[in-house]
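K.L.:
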Amino acid sequence: SGFRGSTRSPPQKPSASPGEPPGTPPLAPVLQLLRSQLQEKDALIRHLESDWERSRAQREREERLLVTAWYNMGLAARQQEGGTAARGVPSGAQSFLARQRLATVARRARAPHGRAPS
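Going by full-length UniProt numbering, the first residue of the sequence shown is number 1, and it counts up by one from there.
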């Protein structure tokens, strides 16, 4: 019968601010923890971005080296081809059709039509 007339509420733990549920830790340490986590993530992002930038620059350097190597190989092959295939023709860039015409002219000069080369 002692419950009806009692106006006392049960004891509660003090909260950090009014309106928060009981047992909630104070807000300042939680904010500090979140700020430190955010700073760590920002530092990680900056580190990853710099790594990505270095990787991109390295990849571009490698691509330029590959292109240069292919160009030099092609140039050397053309010079070698020009030195052995068409001796009397000035060396330089020749199209596929120009090389075919030269080969045809050279073939005709060696073997006249209708006769086997001697």
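We put the beta carbon where it would ideally sit given N, CA and C, even for glycine.
All figures in this text were calculated on a predicted structure; none of them were measured in a lab.
Between which residues of its own chain and R46 is the CB-CB distance below 8 Å, once the five residues before and five after are set aside?
P.N.:
The sequence position of residue 46 within the sequence shown is 46, counting from 1. Cβ neighbours of R46 beyond the five flanking positions: none.
K.L.:
Would you tell me roughly how many angstroms separate the C-alpha atoms of Q37 and Q58, rounded to the nearest one?
P.N.:
By 1-based counting over the sequence shown, the position of residue 37 is 37. By 1-based counting over the sequence shown, the position of residue 58 is 58. Roughly 32 Å separates the two Cα atoms.
K.L.:
Got a sec, what are the start and stop residues for the alpha helix (DSSP H) residue 130 sits in?
P.N.:
For residue 130 there is no data in the structure shown, the boundaries of the chain being 1 and 118.
K.L.:
Can you grab the Cα-Cα spacing for the pair R56 / L44, in whole Å?
P.N.:
Against the sequence shown, residue 56 aligns to sequence position 56. Against the sequence shown, residue 44 aligns to sequence position 44. Taking the straight line from one Cα to the other gives about 18 Å.
K.L.:
Helix or strand or just coil, what does DSSP make of P29?
P.N.:
On the sequence shown, residue 29 is found 29 positions in, with the first residue counted as 1. Note: P29 maps to helix in three-state DSSP.
K.L.:
Could you compute how far the alpha carbon of D42 sits from the alpha carbon of N72?
P.N.:
Start at 1 with the first residue of the sequence shown, and residue 42 comes out as number 42. Start at 1 with the first residue of the sequence shown, and residue 72 comes out as number 72. The straight-line gap from Cα to Cα measures roughly 45 Å.
K.L.:
Going by DSSP in three states, G23 sits in which element: helix, strand or coil?
P.N.:
Locating residue 23 in the sequence shown gives position 23, where the first residue counts as 1. Looking at G23 - three-state DSSP - the assignment turns out to be coil, as it is neither helix nor strand.
K.L.:
Quick check: the Cα distance between R35 and G23, rounded to an integer number of angstroms?
P.N.:
If you number the sequence shown from 1, residue 35 lands on position 35. If you number the sequence shown from 1, residue 23 lands on position 23. Approximately 22 Å, taken between the alpha carbons.
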